[in-house]
């Protein structure tokens, strides 16, 4: 178990989403519709790292044409309205400073898998969703956490309760691809939270904003 100092307050939630752009709001909205609580923080600045995962600097669509930008902005507008109307816990000015993967309790009882250190305290959660990080950055983060991902990065991350949305191998995903990834991650997390069957989906959500 990590020896991370727990200063400030401690909050518990089911999932922490890192990134308040399109990708973060898309997956948070999907989780909300599936009855999964989450806290969304602005980005990630790892303390003591020479290569901080500064997600806010990656919120743009690289080389996007005018039509793609218009589509993205319309979806983002819808997501922000959904977040406000459904009171999603979006913390625009709070960034994660440290990520720690936690081991099970000494008695084998279930415990949160992740501790996310922020300036105001620690967020404990079973699931962690990262947005807009390069694969090389993710591999470095996993290595710093003492995890050997090998070649199957996604499988290694999912086994640890860590997921990606808005990440492509070589190029920035399109808005449609971001929505698809958010839906897949939302389904995967809700299936773990509700192994005996998913609750009825709430109406609304980003899926209604997806272009035909």
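Residue numbers (the working numbering): 1 to 212.
Even glycine gets a Cβ: it sits at the ideal position worked out from N, Cα and C.
- According to DSSP, residue 9 shares a beta bridge with 121.
- In the same chain as residue 117, and ignoring 5 residues on each side of it, the C-beta atoms closer than 6 Å to its own belong to 97, 98, in chain order.
- A distance below 8 Å between beta-carbons, with the five flanking residues on each side excluded, links residue 92 to the following residues of its chain, in chain order: 20, 42.
- Where residue 82 is concerned, the enclosing alpha helix (DSSP H) starts and stops at 66-85.
- Between the stretch 158-167 and the stretch 122-138 there are three or more inter-stretch CB-CB distances shorter than 8 Å, so the stretches are counted as touching.
- By the Cβ test, the stretch 185-198 is in contact with the stretch 31-38, since at least three Cβ pairs between them sit closer than 8 Å.
- In this chain, the beta strand (DSSP E) harbouring residue 98 covers 98-101.
- Secondary structure within the stretch 15-39: the alpha helix (DSSP H) runs of 4 or more consecutive residues, fully enclosed, are 22-33 (chain order).
- Here the C-alpha atom of residue 124 lies approximately 12 Å from the C-alpha atom of residue 17.
- Residue 73 holds the alpha-carbon nearest to the alpha-carbon of residue 23 among 14, 13, 85, 73.
- Taking all protein chains shown into account, residue 197 has fewer than 16 neighbouring C-beta atoms within 10 Å of its C-beta and is therefore exposed.
- In the three-state reduction of the DSSP assignment, residue 128 falls in the strand class.
- Around the C-beta of residue 137, 16 or more other C-beta atoms lie within 10 Å, and the residue is accordingly described as buried.
- For residue 67 and residue 79, the gap between their C-alpha atoms comes out near 18 Å.
- About 5 Å separates the CB atoms of residue 126 and residue 113; that is less than 8 Å, so the two are in contact.
- Of the other Cβ atoms in all chains shown, 16 or more fall within 10 Å of the Cβ of residue 83; this residue is therefore buried.
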